[in-house]
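Asker: My structure is below; once you've seen it, I'll send some questions.
Numbering (my numbering), first residue to last: 2 to 255.
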């Protein structure tokens, strides 16, 4: 091979080897997989409507006998809901009067004829049926009527109705005046009313909240009884609301 030709071949081979080494020495480029964003889960506490209409049905335990207007449980419940849902406006209507039986409440609802546009309806009734010695069959007939009416007023949606158990006034200074035997009888009859109401609500998938055990602390904790020695105090109502609040939140969020 001629020296000149040999020199040309050597140069070409050098260039080829240099190219191969250069390619092999290049670092690999890491491929980063795309980031997949998880769907945003809405905060349940912000998922209720911008306005909530609340209707409270009952008797003295609802109207708040012997406590201030903002101390009764419907007002305290409304305040608690406002704190939880600051972007929502709340309105409250109460149909309740001290001494009302189930019959009185039915008549008052018919007379006032409220609109059927409530997002929440609570019902606490029956103590005056027991106190006045009404036949239990009256409650058996009229309590279901009131629950049915409450559902109608709650836009026809039973999940918006919350039934509250009857407090036990035997555990108050007023109840003590009846003597031990009569106190026992009062408690047994209150239990009978509450058992019927609870079973009816369970069978019909209505929310039932029992607060009777709280009222039965009234003799050991005098702060739970209002100044009249009979009705729940502001503190007792606060405890009622704390018991009710989880069920009410569930009703409003669905």
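Idealized CB from N, CA, C, for every residue including glycine.
(1) Assess, as a yes-or-no matter, whether the segment 167 to 175 is touched by the segment 228 to 246 under the definition of 3 or more beta carbon pairs within less than 8 Å.
(2) Any contact of the segment 61 to 74 with the segment 88 to 98, i.e. 3+ C-beta pairs under 8 Å?
(3) Do you know how far the Cα of residue 193 is from the Cα of residue 186?
(4) Measure the Cβ-Cβ separation of residue 143 and residue 181 and say whether it is below 7 Å.
(5) With a 10 Å radius around its C-beta and 16 neighbouring C-beta atoms as the bar for buried, classify residue 87 as buried or exposed.
(6) For the beta strand (DSSP E) containing residue 59, name the first residue and the last one.
(7) So residue 162 and residue 210 are supposed to be a Cβ contact under 8 Å. How far apart are they, rounded?
(8) When we look at the beta-carbon of residue 245 and count the other beta-carbons within 10 Å, is it buried (16 or more) or exposed?
(9) Under a Cβ-count criterion, where at least 16 other Cβ atoms within 10 Å of its own Cβ denotes burial, should residue 247 be classed as buried or exposed?
(10) Taking buried to mean at least 16 other C-beta atoms within 10 Å of its own C-beta, is residue 130 buried or exposed?
(11) What whole-angstrom Cβ distance do residue 205 and residue 120 have, given they're in contact under 8 Å?
(12) Taking Cβ positions, are residue 234 and residue 220 nearer each other than 7 Å?
(13) Check this for me: beta carbons of residue 195 and residue 213, under 7 Å apart or not?
(14) Just to confirm, are residue 151 and residue 125 a CB contact at a threshold of 7 Å?
(15) Which of the three DSSP states is assigned to residue 207 in this structure?
Answerer: Reading off the structure:
(1) yes
(2) yes
(3) 11 Å
(4) no
(5) exposed
(6) 52 to 59
(7) No, residue 162 and residue 210 are not in contact; Cβ-Cβ is about 11 Å, not under 8 Å.
(8) buried
(9) exposed
(10) buried
(11) Incorrect: roughly 20 Å between the Cβ atoms, too far for contact.
(12) no
(13) yes
(14) no
(15) coil
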